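A.B. asks: Those protein sequences? They're chains A and B, same order as listed.
Residue 1 is where the first sequence starts when you use the UniProt record's numbering, and the numbers rise one by one after that.
Residue 1 is where the second sequence starts when you use the UniProt record's numbering, and the numbers rise one by one after that.
2 protein chains.
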Amino acid sequence: MSSSQPSNVPTAIIADDHQIVRQGLKVALESPGLVTPQGISVVAEAENGLEALAEVKIHQPDILLLDISMPLAGGAEVVNDIQRWSPDTRIVILTGIHAPGLIAQLLNTGIVGLFSKGSDLNELYQNLPLILNGGRYIASSFDEALQAQQNTPALTGREQQILNMIVAGKTNKEIAQQLVISPKTVDKHRTSLMDKLGVHSVAELLAYAFREGLIDPDHLL
Amino acid sequence: MSSSQPSNVPTAIIADDHQIVRQGLKVALESPGLVTPQGISVVAEAENGLEALAEVKIHQPDILLLDISMPLAGGAEVVNDIQRWSPDTRIVILTGIHAPGLIAQLLNTGIVGLFSKGSDLNELYQNLPLILNGGRYIASSFDEALQAQQNTPALTGREQQILNMIVAGKTNKEIAQQLVISPKTVDKHRTSLMDKLGVHSVAELLAYAFREGLIDPDHLL
DNA sequence: CACCATATGGGGGATTCACCCCATACCCTG
DNA sequence: CAGGGTATGGGGTGAATCCCCCATATGGTG
């Protein structure tokens with residue numbers, strides 16, 4: 001594939017649901033000298049997660065600049081999907097969200113770059129060459145989120161599962177039926193869950209979950 | 001003030017927490033011919049609500065391009081504050097959020113333009129002259145949100161108040177103490193509230209409130 | 001002046017939640 | 001194999017919830 005030949009201009013795909021962001025990034029990447037001497041060739045754009053996956057499959061670019069808060073598939077799952085279909089594409093995340101839970105999920109995927117939309121984008125441009133050469137760069141603006149994540153106790157799979165169902169408005173009984181376990185077991189998980197998170201009511205639990213980015217307000221009910 | 005003289009180039013302030021958006025908008029507004037023959041002069045930028053307010057106070061621009069999801073003061077309140085300090089500035093909202101509750105709040109302020117970050121920004125550029133001439137334009141991508149809003153029953157002041165306190169994790173008893181009313185009255189309001197909203201538990205209530213943009217996940221607990 | 005919406009207050013009851021106690025079973029790791 | 005973590009169950013208790021019933025007072029509106 002031509003994209004892996006270092007003598008050629010590197011290829012990139014931009015995925016962001018806001019047209020103005022795509023346009024600005026495209027201009028920056030393609031302008032010679034800003035990122036690399038010859039610039040980076042933007043071979044496609046995508047405005048949602050599904051488009052991004054499709055375009056990456058087709059073009060197999062060197063780099064994917066990806067916003068993870070997009071309609072039609074977003075978050076860490078898209079990253080995994082994309083890596084399965086184009087394992088050589090280096091995925092760089094550009095996001096405005098700093099929720100500790102989401103950041104942690106992303107870092108557990110194979111992303112090689114993480115930048116904040118809120119900071120100066122020169123940080124992105126300056127470190128893209130490093131990433132093109134096989135490096136990895138996490139912007140310092142995520143340090144706070146990473147530290148918060150370390151202070152957060154890890155939930156077990158079952159607890160995570162039950163948290164999602166509580167947030168979806170289900171009662172212990174409903175959860176029990178759906179998981180084919182006893183309501184008492186659900187209650188037990190719920191208790192240790194709230195104990196770990198240090199909350200004492202459904203309302204606090206929900207607020208916590210939203211703030212940490214553990215769940216997405218959109219795909220509810 | 002020079003900004004009100006029609007012979008001059010119109011002045012604008014851009015407020016968005018993402019540098020790349022500000023940059024893209026600035027280029028577009030200032031390039032002659034795209035919006036107006038001579039372009040629009042961007043006299044200042046702001047990356048949060050407080051900065052936006054401060055800059056508008058100083059420059060009293062013809063137009064403020066405002067993203068309402070920004071740190072340090074966001075949403076409809078900022079709009080009201082800004083209008084108080086610079087009543088002649090025409091406020092145009094550019095947002096990626098379509099939550100019906102938030103949209104309705106915004107339209108109840110004196111904004112003269114509402115555009116979506118997700119759609120083609122030519123819609124914005126083409127209608128800015130209209131807005132400069134005293135017109136008002138709401139992008140069609142908000143039609144769905146507006147219709148959803150009309151199908152939503154209106155909450156009374158007391159119900160809205162109690163909803164916010166429930167979301168903040170307070171119990172009926174705590175709410176009663178704070179409002180100096182009986183817990184039974186709180187319970188009554190809570191009941192009619194959930195009845196109006198068609199939900200049957202705190203979890204569903206919270207999910208509803210988040211989706212509708214009635215509350216902000218950040219200033220919780 | 002009736003009428004209606006809103007806010008206030010209460011009784012009662014079924015359900016659910018929050019949080020203790022307890023035990024068994026599995027898997028993995030030292 | 002002994003220990004730790006996870007998942008699975010159950011008993012029990014007090015608090016809070018959801019949702020009925022009811023009444024009164026107030027303000028606006030036809």
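In this text, a Cβ means the ideal position worked out from N, Cα and C, and glycines have one as well.
All of these numbers come straight from a predicted model, not from anything done at the bench.
1. Should the segment 168-183 of chain A be called in touch with the segment 169-177 of chain B, which here means at least 3 C-beta pairs below 8 angstroms?
2. Residues of the segment 168-192 of chain B in Cβ contact with chain A at a cutoff of 9 angstroms, in chain order, please.
3. Please identify the residue among A:Asn127, A:Asp195, A:Gly118 and A:Ser140 whose C-alpha is closest to the C-alpha of A:Ala154.
4. So what does DSSP say about B:Ala139, is it helix, strand or coil?
5. Return the residue from the list A:Ile181, A:Leu130 and A:Tyr125 that minimises the CA-CA distance to A:Arg158.
6. For the beta strand (DSSP E) that B:Gly113 lies in, which residues bound it at each end?
7. Taking the beta carbon of A:Met1 as the centre, do at least 16 other beta carbons fall within 10 Å, making it buried, or is it exposed?
8. Whole angstroms is fine: what's the gap from B:Gly39's alpha carbon to B:Arg136's?
9. Let me check understanding here. Comparing Cα to Cα, which of B:Leu50, B:Ile93 and B:Ile97 lies closest to A:Gly17?
10. Mapping DSSP to helix, strand and coil, what is A:Ser41?
11. Using only alpha-carbon positions, find the residue among B:Glu77, B:Thr156 and B:Val43 that is nearest to B:Leu50.
12. So, do the segment 195-212 of chain A and the segment 15-30 of chain B have three or more beta carbon pairs nearer to each other than 8 angstroms?
13. Please check if any C-beta of chain B sits within less than 9 angstroms of the C-beta of A:Lys117.
14. With a cut-off of 8 angstroms on the beta carbons, I'd call B:Ile93 and B:Ile68 a contact; round off their distance for me.
15. Measuring only from the beta carbon, is A:Asp67 closer than 8 angstroms to any heavy atom that is part of the ligand COA?
16. So with CB distances below 7 angstroms, who are the chain B contacts of A:Ser201?
17. Taking beta-carbon pairs under 7 angstroms, can you tell me which members of the segment 2-35 of chain B lie near chain A?
18. Under 9 angstroms between the Cβ atoms of B:Ile138 and B:Leu102?
19. Identify the continuous alpha helix (DSSP H) that holds A:Val92 and give its terminal residues.
20. Determine, using beta carbons only, whether A:Asp120 comes closer than 9 angstroms to chain B.
21. Taking Cβ-Cβ distances shorter than 9 angstroms, what residues in chain A pair up with B:Gly96?
22. Whose Cβ in chain B lies nearer than 7 angstroms to the Cβ of A:Ile166?
23. Would you please verify whether the beta carbon of B:Ala207 is less than 9 angstroms from any beta carbon of chain A?
24. Should B:Gly44 and B:Ile63 be called a contact, given that it needs their Cβ atoms to be closer than 9 angstroms?
25. For a cutoff of 9 angstroms on Cβ pairs, would you count B:Glu51 as touching chain A?
C.D. replies: With the given structure in hand:
1. no
2. Ala168, Gly169, Lys170 and Thr171
3. A:Asp195
4. coil
5. A:Ile181
6. Gly113 to Ser116
7. Here the model assigns A:Met1 a pLDDT of 47, short of 50, so the residue's position is not dependable, and the following value carries that caveat. When all chains shown are included, A:Met1 counts as exposed.
8. 20 angstroms
9. First, the amino acid is wrong: residue 17 of chain A is Asp here, not Gly. Nearest option by C-alpha distance: B:Ile97.
10. strand
11. B:Glu77
12. no
13. yes
14. 6 angstroms
15. Only the bare structure without any ligand can be found here, which leaves the ligand COA out of the picture.
16. Gly169
17. Asp17, His18, Gln19, Ile20, Val21, Gln23, Gly24 and Leu25
18. no
19. First-last for A:Val92: Arg90 to Thr95, but that is the beta strand (DSSP E), not the alpha helix (DSSP H).
20. yes
21. Asp17, His18 and Ser69
22. Ala203
23. yes
24. The sequence given here places Ala at residue 44 of chain B; Gly does not occur at that position. No, Cβ-Cβ distance for B:Ala44 and B:Ile63 is not below 9 angstroms.
25. no
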